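For any residue, its number in the numbering used here is found by taking its place in the sequence shown, counting from 1, and adding 198. All remarks here apply to the structure that follows.
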Amino acid sequence: EIEMSRELYEFITLTFLEYSGNDSIENFINDRFLERMKQIVSDPTEFGKLMLGNVKTVHMLE
């Protein structure tokens with residue numbers, strides 16, 4: 199389960215309505231999530247951004 203803001207949920211819902219066809223919203227979100235994870239794993243710069251984003255956030259909070 200993923201927690202998200204209302205704005206993000208509304209954006210996903212609007213995108214789903216525009217591009218989904220006959221798919222369920224769960225399948226649509228899972229497909230987009232898997233596409234993004236494949237991109238992160240296959241592109242070292244994307245993986246670095248993912249890892250450094252967390253490091254920067256933690257560092258700024260200290």
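Where is the CB? At the ideal position from N, CA and C, for every residue including glycine. Small disclaimer: the values here were computed from a predicted structure and weren't measured.
Beta-carbon spacing of I238, I227 below 8 Å:
Here residue 238 corresponds to residue number 40 of the sequence shown, with the count starting at 1. Here residue 227 corresponds to residue number 29 of the sequence shown, with the count starting at 1. Result no, Cβ atoms of I238 and I227 do not sit closer than 8 Å.
Start-to-end residues for the alpha helix (DSSP H) that takes in D229
Here residue 229 refers to the residue found at position 31 when the sequence shown is read from its first residue. I223 to S240 is the span of the alpha helix (DSSP H), which, as asked, contains D229.
Between the C-alpha atoms of L206 and T213, what's the straight-line distance to the nearest angstrom?
Within the sequence shown, numbered from 1, the residue matching residue 206 stands at position 8. Within the sequence shown, numbered from 1, the residue matching residue 213 stands at position 15. If you take the alpha carbons of L206 and T213, they lie about 10 Å apart.
E201 - DSSP class collapsed to helix/strand/coil:
Within the sequence shown, numbered from 1, the residue matching residue 201 stands at position 3. Correct three-state label for E201: coil.
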